[in-house]
Amino acid sequence: MDSEKKMKDNPTIRCFIAIILDERTKRQLSRVQAAIRSTGIHAGWPSAQNFHLTLKFLGNISVQTLPCIKTKLSEAVANKARFNITFNRLGVFPNARHPKVIWIGPDKINPEIVALHQDIDSNLNRCHPFVKEKRFSPHITLSRVRYYAKPGTLNKALNVKTDAIEIAVNQIHLIESRLYSSGAVHSSLFCAGLKSSRRLQPWGKS
Numbered sequence: 000m001d002s003e004k005k006m007k008d009n010p011t012i013r014c015f016i017a018i019i020l021d022e023r024t025k026r027q028l029s030r031v032q033a034a035i036r037s038t039g040i041h042a043g044w045p046s047a048q049n050f051h052l053t054l055k056f057l058g059n060i061s062v063q064t065l066p067c068i069k070t071k072l073s074e075a076v077a078n079k080a081r082f083n084i085t086f087n088r089l090g091v092f093p094n095a096r097h098p099k100v101i102w103i104g105p106d107k108i109n110p111e112i113v114a115l116h117q118d119i120d121s122n123l124n125r126c127h128p129f130v131k132e133k134r135f136s137p138h139i140t141l142s143r144v145r146y147y148a149k150p151g152t153l154n155k156a157l158n159v160k161t162d163a164i165e166i167a168v169n170q171i172h173l174i175e176s177r178l179y180s181s182g183a184v185h186s187s188l189f190c191a192g193l194k195s196s197r198r199l200q201p202w203g204k205s
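Start counting the sequence shown at 0; every next residue gets the next number (numbering that gives the first Met the number 0).
In structure tokens:
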């Protein structure tokens with residue numbers, strides 16, 4: 000009874016910090032996902048509406064920490080200029096022998112995305128001692144491998160033609176993730192914007 004009362008008095012929600020993608024980028028990623036799927040690999044396929052670039056997974060957090068998290072997120076990006084990051088390489092987690100996730104990521108990691116991740120990480124730890132990731136690897140999940148993937152099939156999946164996809168990093172979002180039998184539903188709870196820059200956006204507008 001005490002534990003039930005505690006949960007009611009201090010409810011938790013499952014959250015992560017991420018970059019939300021525009022519709023054009025989602026369509027580009029969907030084409031890559033479709034090409035991977037056509038190789039016949041047995042996998043689950045996230046909805047294009049759920050494509051995102053995770054900066055930090057928070058897990059189940061108390062709703063009481065939300066005001067602090069929002070404040071610290073704003074502080075983390077207050078002096079950060081907008082930038083672009085190019086995704087052009089396919090890979091797997093944790094490794095090719097035991098693939099669980101097929102992802103797309105950058106061939107070279109921008110120092111801007113690393114600095115953004117580090118500042119978010121250190122700022123949020125002032126709200127709660129979140130688990131620190133061993134290594135930040137920016138990526139977007141395209142599929143989750145469900146069964147053993149034969150090396151030949153996996154190689155085909157990882158060698159599909161992939162055009163460079165340029166992603167504009169203009170805002171970061173605090174996302175709530177609700178898990179259902181039909182899949183995850185993501186909702187943005189808060190958004191913090193990076194400073195304007197004169198750099199071109201992916202669709203060619205300043």
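Yeah, the Cβ is synthetic: ideal placement off N, Cα and C, and Gly gets one too.
Return the first residue and the last residue of the alpha helix (DSSP H) that residue i is part of.
i, result
"residue 26", "22-36"
"residue 122", "110-123"
"residue 70", "65-76"
With a cut-off of 8 Å on the beta carbons, I'd call residue i and residue j a contact; round off their distance for me.
i, j, result
"residue 139", "residue 109", "No, residue 139 and residue 109 are not in contact; Cβ-Cβ is about 15 Å, not under 8 Å."
"residue 38", "residue 152", "6 Å"
"residue 47", "residue 29", "5 Å"
"residue 35", "residue 142", "6 Å"
"residue 81", "residue 17", "With 8 Å as the limit, residue 81 and residue 17 do not qualify as a contact, their Cβ atoms being about 16 Å apart."
"residue 98", "residue 144", "5 Å"
"residue 33", "residue 87", "Going by Cβ atoms, the distance from residue 33 to residue 87 rounds to 17 Å, so no, they are not a contact pair."
"residue 172", "residue 49", "Not really, about 13 Å apart at Cβ, beyond 8 Å."
"residue 14", "residue 174", "6 Å"
In the DSSP assignment, what are the bridge partners of residue i?
i, result
"residue 179", "182"
"residue 88", "104"
"residue 168", "82"
"residue 192", "170"
"residue 187", "174"
Locate the beta strand (DSSP E) running through residue i, then write down its first and last residues.
i, result
"residue 154", "No beta strand (DSSP E) contains residue 154, which is instead part of the alpha helix (DSSP H) from 150-157."
"residue 52", "51-61"
"residue 95", "Looking at the DSSP string, residue 95 is not in any beta strand (DSSP E), and its letter there is neither H nor E."
"residue 40", "Counting along the chain, residue 40 falls outside any beta strand (DSSP E), and DSSP gives it neither H nor E."
"residue 11", "11-19"
Could you check whether the region 149-160 touches the region 17-25, counting it as contact only if at least three pairs of C-beta atoms, one from each stretch, sit closer than 8 Å?
no
Count Cβ pairs between the region 66-79 and the region 120-127 that sit closer than 8 Å; are there 3 or more?
yes
Please determine if the region 95-106 and the region 177-193 are in contact, where contact requires at least 3 C-beta pairs separated by less than 8 Å.
no
Ignoring anything shorter than 3 residues, give me the beta strand (DSSP E) runs that lie fully in the region 124-149, in order along the chain.
139-144
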